[in-house]
Amino acid sequence: MNALYSLVFVFALVLIPLIGVGAAKLNVFFGICIPSTALLVFLAGFVCKIYGWAKRPVPFRIPTTGGQQEPYDTTLFTQNKWDNPSTGPQTVVRMLLEVLCFRSLFRNTAVKLDVKNNVVAYASAKWLWLFAILFHYSFFIIVARHMRLFLAKVPMPLEWLEFGDGIMQIGIPRMYMSDVLILVGLLFLLGRRLVDPKIRYISLVNDYFPLFLIIGIALSGVYMRYFAKVDVIAIKDMVVSLTQLKFKVPAGIDNSFYVHLFLVSTLLFYFPFSKLMHLGGVFLSPTRNLPNDTRIRHHENPWNDKSIMPHSYAAYEDDFRAPMFEAGLPLEKLPEGAEEEAKA
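Here is the structure:
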């Protein structure tokens, strides 16, 4: 039902601009007001969320590790520097591998019950890693390609990227590989939640809604490019006017563009308040961005009161030796009278 609710909601989002532009002729509202507000909400929400995470104290190291830490005797064990870093540069490499290659997801395993032998079997499962890579990199390439709409003169790197994305030269207009791969990745991520009963049981509306919303964005973009064949020059003229704060909406733009733009605006509205914020949160995660050096360095909270001196266990026992002895607690040193009684 959670998936159905999300699907119905996305369909409703598609109908809103169709009715608003097609029947009510609210081109300016859907072409300027909503996208501009969505961008402001996205930027403000993103900055506030990152600022809130950044100011939270992390008093000690809590990195999650997947390998041997730096040993005292390097002849006995070899440190896994990228999965269990102990220095700043090693942590930077770990973060790069995590962000660019999804290294921790690459170690994903599948658990199955071997009924014949009555044992639990573990096997490597790279499918989630593969389709996650396809989705994220395709999404990045598509966003980068769309930057040409915001620039009067397209930079050379964007032209190279667009050429490489459409190097297959299939169809007119040519098909971009990222358009196909993002849908393949999204459909796998959605199908995984629908088919696997364990994942389906724990999936909520906020797990399905972003998937259906991004699928809607991708499909509306594909429809615009390959079927409706909208006026790209008019769209670029409108987008450039937005960046220059010279708002205008050219006539003759197909309604499918407003559907696509409204879905993108919805994603921008939703982004700072959803789990999609892992885009920025991954860089601030203390389980990833800290070296595992708790056995190498002594850490002190910077907000500790400097007037409070360290109090060792020996000093604590000196202060409370008699009550601890009466309570029957083990002591490293017995009270003076108790020592004489013990000797007698």
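Under my numbering, read the sequence shown as residues -7 to 336, first letter to last.
Glycine included, C-beta positions come from ideal geometry on N, C-alpha and C.
- Going by beta carbons, Gly156 and Arg166 fall outside the 9 angstroms limit.
- Cβ-Cβ distances below 7 angstroms link Asn72 to Gly59, Gln60 in the same chain, with the five nearest sequence neighbours on each side left out; the list follows chain order.
- Boundaries of the alpha helix (DSSP H) around Thr258: 247 to 262.
- Looking at the DSSP output, Val111 bridges to Asp106.
- A direct Cα-Cα distance of roughly 15 angstroms separates Tyr129 from Leu150.
- DSSP lists no beta-bridge partner residue for Ser304.
- Contact annotation: Ala46 and Leu276 have beta-carbon atoms nearer than 9 angstroms.
- DSSP links Ser116 through a beta bridge to Thr101.
- Asp188 is not a Cβ neighbour of Arg217, given a cutoff of 9 angstroms.
- Pro55 carries a coil assignment under DSSP once its states are collapsed to helix, strand and coil.
- Judged by DSSP in its simplified three-state form, Ala144 adopts coil rather than helix or strand.
- Cα atoms of Leu321 and His303: separation of roughly 19 angstroms, rounded to the nearest angstrom.
- Taking the Cα positions, Leu182 is about 24 angstroms away from Tyr114.
- In this structure, Phe38 sits near Gly272, with a CB-CB distance shorter than 9 angstroms.
- The C-alpha of Pro242 is placed about 8 angstroms away from the C-alpha of Ile227.
- Within the same chain, Cβ atoms closer than 8 angstroms to the Cβ of Trp121 are found at Phe94, Leu97, Phe98, Asn100, the five residues on either side in sequence being excluded.
- Short of 6 angstroms from the beta carbon of Gly12, and not among the five residues preceding or following it, lie these beta carbons of its own chain, in chain order: Leu18, Phe22.
- In this structure, the CA atom of Lys190 is about 14 angstroms from the CA atom of Asp199.
- Taken in chain order, the complete alpha helix (DSSP H) segments of 4 or more residues contained in the stretch 15 to 94 are 26 to 46, 80 to 93.
- Assigned with DSSP and collapsed to three states, Asn281 falls in coil, not helix or strand.
- If you draw a straight line from the Cα of Asn281 to the Cα of Pro264, it comes to about 21 angstroms.
- In the DSSP assignment, Val241 falls outside any alpha helix (DSSP H) and carries neither an H nor an E.
- Counting C-beta atoms within 10 angstroms of its own C-beta, Tyr64 has fewer than 16 neighbours from the protein chains shown and is therefore classed as exposed.
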